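Written out below as structure tokens is the structure these notes cover.
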Amino acid sequence: MEKQGKKTIRFWGIWAVLVAGLCFVVYAIPSITGAFTSTYVTNYGDLVISDDAKGYIVRTEKVYVSKKSGAVNKLIDQGTLVKKNTRIIELSKSSKKTKAREDLMIAVRRITNDKYIIKTKSFKTRKAGVVSYYVDGLEDKFTFTKIRKMSADSAEAYSQNQVIEIPADVCVKGEPIFKLIDNSKWYIVCYLDRLDAKKYERGKQVSINIGKTELRAKVVYNKKENKGKKYTVIFSTQDYYEKFDSIRSCDVQIVYSDTKGLIIENDSIVKEKGVEGVYVIDKAGNSVFKPINVLASDGERTVVSRSVFYDKDGQAVETLNTYDEIKR
């Protein structure tokens, strides 16, 4: 009887293990392998192809240096667009004896090309432009001509220079008093890896996001560094950004394309008789080949036309629809 009891216990133990194993097969394995499903359903949406990078601000700008000392009365606010011969500040006699401020003088001394400095006692602009009360001594270094030859390491090192706000109370002879920036065109320079940079051919129109600000821009330069692995890509823009006249670098998102259409996975795209397409599961469960018209791809997903597209001969071609079941 004792042996019979042990056999019964062993039987029920084995039975419990088998039931647990069966439950694992029925419930657990499908959830684990769900990621490897052989089909998926198409959906309409946006495919955004973009690159995140550090952008360096390049402007055409001149620093106006005061020929005399005195108390400052600002007539024009920061960021204001002014005409030629506009008086920016007025100076009056000051009872304060103020020494030249070292940080401002250092910024001026960094500018080694005299054509980027205008000494003034009238405080009138020589051209139209945007008024700025910020200097950093890079006004003659971060130019379109020089930045094309500058390495990513040099640009980053330069950009560590402190951007200094010009005080609004008094001015000492020899100090910068304001800066005038050409707002008709300015540049954002990015250093990108080869695979990212090759998308941005000269003349390509893109969008650049700086925080919540979206700028329209065009690629005007794309070339590998002379001694480095990065590519220098320069974008020009005429759009307004509130800090373009005061900062030297910022984080940017370069939007290469933002395309609407049906989103499909690249691993489902095949070629049949030289035609790109995918296999769709019809209502009867059969695999049916459907040609596709590729609008954009990020290497993993592709956005294609919906319902109908026209081939190179102008013939209408039936293609995918929303919620089609696609075979991988």
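Positions 1 to 328 (my numbering) are the ones given, in order, by the sequence shown. The beta-carbon is built from N, C-alpha and C at its ideal position, and this holds for glycine as well. Predicted, not measured: the structure shown is a model, and the values here were computed from it.
Query                                                                                                                  : Result
CB-CB length for Gly210 against Val252, believed under 8 Å                                                             : A quick correction: the sequence has Ile, not Gly, at residue 210. Going by Cβ atoms, the distance from Ile210 to Val252 rounds to 6 Å, so yes, they are a contact pair.
Coarse secondary structure for Leu202, derived from DSSP in three states                                               : According to the sequence displayed, residue 202 carries Arg and not Leu. Of the three classes helix, strand and coil, the one that applies to Arg202 here is coil, per DSSP.
Asn266, DSSP secondary structure in three states                                                                       : helix
Alpha-carbon spacing of Tyr241 relative to Leu215, whole angstroms                                                     : 8 Å
CA-to-CA distance, Lys283 to Lys199, given in whole angstroms                                                          : 40 Å
Classification of Phe235 by the beta-carbon crowding that lies within 10 angstroms, buried from 16 upward              : buried
Span separating the alpha-carbon of Thr322 from that of Cys190                                                         : 38 Å
Same chain, Cβ closer than 7 Å to Ser50, five either side skipped, listed in chain order                               : Gln253, Ile254, Val255, Tyr256
Buried/exposed call for Val303, threshold 16 Cβ in 10 Å                                                                : buried
Closest residue to Tyr44 among Asp77, Arg109, Arg301, Val163 (Cα-Cα distance)                                          : Arg301
Buried versus exposed call for Glu175 [16 or more other C-beta atoms within 10 Å across all chains shown]              : buried
As assigned by DSSP and simplified to three states, the class of Glu175                                                : coil
Cutoff 6 Å; reference Lys124; Cβ partners in own chain excluding five residues on either side                          : Asn85, Arg87
Outcome for Tyr133 when other beta-carbon atoms lying within 10 angstroms are tallied against a minimum of 16          : buried
Neighbourhood of Val48 by C-beta distance below 6 Å, restricted to the same chain and skipping five residues each side : Asp258
Proximity below 9 Å, CB of Gly137 to CB of Arg109                                                                      : yes
Backbone secondary structure at Lys115 - three-state DSSP                                                              : helix
Inter-stretch contact at 8 Å, needing at least 3 Cβ pairs: the segment 69 to 83 / the segment 142 to 154               : no
Residue from Lys173, Thr232, Ile292, Lys179 whose Cα sits closest to the Cα of Thr145                                  : Thr232
Inter-residue Cα distance where the pair is Tyr187 and Tyr279                                                          : 46 Å
Beta carbon of Thr120 nearer than 9 Å to that of Val65                                                                 : yes
Residue closest to Asn113, alpha-carbon to alpha-carbon, out of Glu139, Arg148, Val170, Lys127                         : Glu139
Own chain partners of Ser122 with C-beta closer than 8 Å, once the 5 adjacent residues on each side are dropped        : Arg87
Anticipated Cβ contact below 8 Å, Gly129 with Asn183, distance rounded                                                 : 6 Å
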